[in-house]
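Notes follow once the structure below has been shown.
There are 2 protein chains.
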Amino acid sequence: MSRRSLTQSPLGPTNERAQALLKTLIERYIRDGQPVGSRTLAKDSGMDLSPATVRNVLSDLEELGLIKAPHTSAGRVPTVRGYRMFVDSLLTVKPMRSAEVEKIKQELITDLSTDHLISTASAMLSNITGLAGIVTIPKRSILRLQHIEFLRLSENRILVILVVNGQEVQNRVINTERDFSQSELQQAANLLNAEFAGTDLTHIREHLFVSMQQARDAMHGIMHNVMSITDKVLAAQQRPDYVLVGQTNLMSYAEMSDMDKLRQIFDAFNQKRDILHILDQSIEAEGMQIFIGDESGYQVLDECSVVTAPYKVNDEVIGVLGVIGPTRMAYDRVIPIVDVTAKLLSAVLKPE
Amino acid sequence: MSRRSLTQSPLGPTNERAQALLKTLIERYIRDGQPVGSRTLAKDSGMDLSPATVRNVLSDLEELGLIKAPHTSAGRVPTVRGYRMFVDSLLTVKPMRSAEVEKIKQELITDLSTDHLISTASAMLSNITGLAGIVTIPKRSILRLQHIEFLRLSENRILVILVVNGQEVQNRVINTERDFSQSELQQAANLLNAEFAGTDLTHIREHLFVSMQQARDAMHGIMHNVMSITDKVLAAQQRPDYVLVGQTNLMSYAEMSDMDKLRQIFDAFNQKRDILHILDQSIEAEGMQIFIGDESGYQVLDECSVVTAPYKVNDEVIGVLGVIGPTRMAYDRVIPIVDVTAKLLSAVLKPE
DNA sequence: TATTAGCACTTTCACTGGATGAGTGCTAAT
DNA sequence: ATTAGCACTCATCCAGTGAAAGTGCTAATA
């Protein structure tokens, strides 16, 4: 009995047929969003089976929790578990058309600043997939100081300009208790540049106190305050963030027609907290991740899937990108797109 | 006959009653979004009139194009012209609660950077009105150079850091034909800082060529290239932009329940072009502006109103803020909120 | 023993035809 | 000038109906 064999060896050769049917069912459902019935599936499968036979198989699949029927006389629809099996073992990915790859490549290499690069990548993802594209701001754990500069804005505010990794500039305004003259600041900057140029920011912080001791003796304690300022600057780490493009694409899908639901999703995008948490998991996994429906652990996204891939510099993961769309997205197309885009972005970000 | 007198002197004392009824009708409609009928209006007006009388007046108002009936047996709904008359001459604004004013003030003064200030202002507008808040990035026409700095990133890329107006920092990466050494750049920066600190950027550009002539003679033409770089930098003006907060608020309104419409509006927000054009008009007008429905000239916004006010520094308009919401927004509450927020933001931005 | 034809059954969907209610415009009375 | 009265119009709700789609089960079949 097919029912028992499927349970016993869900991937075994005995059920090739059941799996093939599951596959075509999901492909069909992804294509046009309608529940798929036995008759349609029998035709679509190309397996010369009668609808009745298909029905038996569908019944088994339903019992396994891979598909379900919205109501008695509708066709079947994949469940989260169904999609999971689909992407894990049934999916045949469609490689990207080389024209598309080329397009992304072109767009990315003509870009200069990191910030703009991120936006472009997000836009590319969104455009090509027709879903929402998302790219996190890279968090460089190796922040090699190239140049630091202090600028006196007013009596108790100092602008700190940090150039790191030969690419990025960070501006931070900090408040101080006492007034520093521009020449004092200049001195401090010179010292720091001489001492720490090319060093990782975290290293600088560690060594700062040692240097501070020496400096105090040598320079009448003037540097003491400056150093503590520097420490302040280094402590203020940038909070994680992302660039999201094309959320309006989601509005085209029927499963998002519920305004309340949609609003909750958009609010989650603005909130950023939950979304970032999902993306974080992809950073940790260091590989592609696919969250289907409520697998993400967030109720709001229970009709959404998230496909992510980390991007790296020097073999270190510094960010994540991906797409967000309805659970019935075209995984076979989307997965390579996300994958390739991550690789391309990694390549472009590679320090020269 | 009331019909004729209304046409002849639309603001005359003869029609105080018609105007009062129009006012209460609109107020009522703004309150609960349902077409208002003669019976309800008769009660609401507090004027001791029979529904029949009210009907006659409504008939007149409809003929004047101030209200219209969605269908025969529905009540009346204000037209754009009706809203226009309402805000122009019938509206009694509700001053903000001082607690709210205080809240905005607190939020704004605890903020440091200009960028963050803009975001906060936008968020405040959105929160208090329950609509979408929008604030343009200030465009300072007086960009007084405080400090310029060149940094060699690679053989043909230079990072330019501009500090202007003692507040803002602008980073620009430019590509050059030939390689400049850091010391060359340092020289150039020193020269520029000595010569132009405190000067307006546009002035600098004008005088740059004169200085260039002199410099060429004096410095063997090394400066020539640097100067042209500087010119390049100054030419690249920042493109206008805005911060929009709370677009999801719009999804609560029944008139936005049409997904297509909503999507078009959101797309317009992302496009930015049309929205910026509307905001520009408020810059030029130098005062509060209210665009009701299609008055904005954009089809997508035909069920939206935009209330804007410019904000200034030193009596010069440098940006616009406002809210976007459905045409039936609570103008009496919204108008003072936008007005006050603009004034508060102006105050906070005042250079020290 | 696996497959299939046949059939009764269920449920959605689209449509229909009142019935209801809200609101209007007109007319005639005040 | 105002108002009561009334016929009329539309949207909305509801129940009912028939068609379409699809299922599960049973019995026949290869």
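Heads up: the sequence lines are chains A and B, in that order.
If you count the first sequence from 1, position 316 lands on 315 in numbering that gives the first Met the number 0, and the numbers rise without skipping.
If you count the second sequence from 1, position 123 lands on 122 in numbering that gives the first Met the number 0, and the numbers rise without skipping.
A virtual CB, placed ideally from N, CA and C, is assigned to each residue, including glycine.
Output, in chain order, the set of chain B residues within a Cβ distance shorter than 8 angstroms of residue i.
{"i": "A/E148", "result": "E148 and I160"}
{"i": "A/T247", "result": "R262, F265, D266 and N269"}
Could you have a look at residue i and say whether DSSP puts it in helix, strand or coil?
{"i": "B/F149", "result": "strand"}
{"i": "A/T119", "result": "helix"}
{"i": "A/F265", "result": "helix"}
{"i": "A/N155", "result": "coil"}
{"i": "B/I173", "result": "strand"}
{"i": "A/I141", "result": "coil"}
{"i": "B/A73", "result": "coil"}
{"i": "A/K67", "result": "strand"}
{"i": "B/Q33", "result": "coil"}
{"i": "A/K311", "result": "strand"}
{"i": "A/V92", "result": "coil"}
{"i": "B/Y241", "result": "strand"}
{"i": "B/E285", "result": "coil"}
{"i": "B/I133", "result": "strand"}
{"i": "A/V347", "result": "helix"}
{"i": "B/G197", "result": "coil"}
{"i": "A/F290", "result": "strand"}
Distance, Cα to Cα, residue i vs residue j?
{"i": "A/E154", "j": "A/Q181", "result": "10 angstroms"}
{"i": "A/G324", "j": "A/S304", "result": "6 angstroms"}
{"i": "B/Q33", "j": "B/A68", "result": "11 angstroms"}
{"i": "A/Q196", "j": "A/Q169", "result": "The residue you asked about is not Gln; residue 196 of chain A is Ala in the sequence shown. Whole-angstrom Cα-Cα distance: 15 angstroms."}
{"i": "A/R54", "j": "A/S37", "result": "6 angstroms"}
{"i": "B/M328", "j": "B/G129", "result": "10 angstroms"}
{"i": "B/T175", "j": "B/I228", "result": "8 angstroms"}
{"i": "B/V333", "j": "B/V306", "result": "8 angstroms"}
{"i": "B/V172", "j": "A/N164", "result": "14 angstroms"}
{"i": "B/A308", "j": "A/E302", "result": "41 angstroms"}
{"i": "A/E283", "j": "A/Y310", "result": "12 angstroms"}
{"i": "A/M287", "j": "A/S256", "result": "29 angstroms"}
{"i": "B/G321", "j": "B/V337", "result": "6 angstroms"}
{"i": "B/R272", "j": "B/G318", "result": "16 angstroms"}
{"i": "B/L150", "j": "A/M226", "result": "23 angstroms"}
{"i": "A/F290", "j": "A/L65", "result": "16 angstroms"}
{"i": "B/I203", "j": "B/A234", "result": "11 angstroms"}
{"i": "A/I133", "j": "A/T52", "result": "43 angstroms"}
{"i": "B/E315", "j": "B/K138", "result": "10 angstroms"}
{"i": "A/G296", "j": "A/T326", "result": "14 angstroms"}
Just to make sure I have the definition right: I need the residues of chain A whose C-beta is within less than 9 angstroms of the C-beta of residue i. Which are they?
{"i": "B/M258", "result": "M250, S251, M255, S256, M258 and L261"}
Using the beta-carbon count (16 or more within 10 Å), is residue i buried or exposed?
{"i": "A/E294", "result": "buried"}
{"i": "A/A253", "result": "exposed"}
{"i": "B/D431", "result": "In the structure as shown, chain B starts at 0 and stops at 351, and residue 431 of chain B therefore has no counterpart that could be examined."}
{"i": "B/V347", "result": "buried"}
{"i": "A/T201", "result": "exposed"}
{"i": "A/F208", "result": "exposed"}
{"i": "B/S97", "result": "exposed"}
{"i": "B/L10", "result": "In this predicted model, B/L10 has a pLDDT of only 39, less than 50, meaning its place in the structure is not dependable enough to derive any value."}
{"i": "B/S49", "result": "exposed"}
{"i": "A/P77", "result": "buried"}
{"i": "A/R238", "result": "exposed"}
{"i": "A/N14", "result": "buried"}
{"i": "A/Q270", "result": "exposed"}
{"i": "A/E101", "result": "exposed"}
{"i": "B/T71", "result": "exposed"}
{"i": "B/G81", "result": "buried"}
{"i": "A/R410", "result": "In the structure as shown, chain A begins at 0 and stops at 351. Residue 410 of chain A is therefore absent and cannot be evaluated."}
With three or more beta-carbon pairs closer than 8 angstroms as the criterion, would you say the region 79-95 of chain B touches the region 17-26 of chain B? A contact exists between the region 79-95 of chain B and the region 17-26 of chain B.
Within the chosen definition, does the region 138-145 of chain A reach the region 245-263 of chain A through at least 3 CB pairs nearer than 8 angstroms? Not touching, per the Cβ criterion.
Tell me whether the region 241-253 of chain A and the region 112-121 of chain A touch, counting them as touching only if at least three CB pairs, one residue from each stretch, are closer than 8 angstroms. Using a C-beta cut-off of 8 angstroms, the region 241-253 of chain A makes contact with the region 112-121 of chain A, since at least three inter-stretch Cβ pairs fall below that distance.
Are the region 279-299 of chain A and the region 106-115 of chain A touching by the rule of at least three beta carbon pairs closer than 8 angstroms? Contact between the region 279-299 of chain A and the region 106-115 of chain A is absent: fewer than 3 CB-CB pairs across the two stretches fall below 8 angstroms.
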